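One structure is given here, and the rest of the page talks about it.
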């Protein structure tokens, strides 16, 4: 499903980050990580909004995230090594960014 992400303290003050394809809709308090050339940006889902249109049209979904920060400067880093692990033996994948088919890739 296509989800539009906004970043800010409120819907009124939010800045659009872009549209992203998700398999499962994140809920408030979920953390999202965005791959960038410099590493990862992390934000916390604050609110979810659904726009209901005619039954013949897809519903629109928007997420409001707290301010996106660089993962390296965060006090609460996310377990990216665990995300990249390919098996239960500690072997890791080569990529440290979301793979093709990931619900985190941008459009």
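In full-length UniProt numbering, the protein residues as written are 1 to 107.
Just so it is clear, CB atoms sit at the ideal spot from N, CA and C, and this is done for glycine as well.
Please read all numbers here as calculations on a predicted model, not as lab measurements.
Let's test the definition: count the other Cβ atoms within 10 Å of the Cβ of residue i and tell me whether it reaches 16, buried, or not, exposed.
i          : result
residue 43 : buried
residue 5  : buried
If you drop the 5 nearest sequence neighbours on each side, which residues of the same chain put their C-beta closer than 7 Å to that of residue i?
i           : result
residue 100 : Residue confidence for residue 100 is low, a pLDDT of 43 falling below 50, so the modelled location carries little weight; the figure read from the coordinates is stated next. Excluding residues within five positions, none has a Cβ falling inside 7 Å.
residue 14  : 6, 7, 8 and 64
Less than 6 Å between C-beta atoms, sequence neighbours within five positions excluded: which residues of the same chain meet that for residue i?
i          : result
residue 30 : 45
residue 1  : 22
Excluding the 5 residues preceding and the 5 following residue i in the sequence, name in chain order all residues of the same chain whose CB lies nearer than 8 Å to its CB.
i           : result
residue 166 : Here the chain has residues from 1 to 107 only, and residue 166 is not among them.
residue 69  : 41, 42 and 43
residue 103 : Legend: pLDDT at residue 103 = 43, less than 50; position of this residue unreliable, no value from coordinates given.
Looking at C-alpha atoms only, which residue of the options is the closest neighbour of residue i?
i          : options           : result
residue 48 : 55, 61, 17 and 54 : 61
residue 63 : 26, 52 and 55     : 26
Looking at the unbroken beta strand (DSSP E) that takes in residue i, where does it start and where does it end?
i          : result
residue 40 : 39–51
residue 22 : No beta strand (DSSP E) holds residue 22; DSSP gives it neither H nor E.
Does chain C have any CB closer than 8 Å to the CB of residue i?
i         : result
residue 5 : The structure shown contains no chain C; it holds only a single protein chain.
Verify the contact flag: residue i, CB atom, against every heavy atom of the ligand GDP, threshold strictly below 7 Å.
i          : result
residue 69 : The ligand GDP is not among the ligands present in this structure, which contains no ligands whatsoever.
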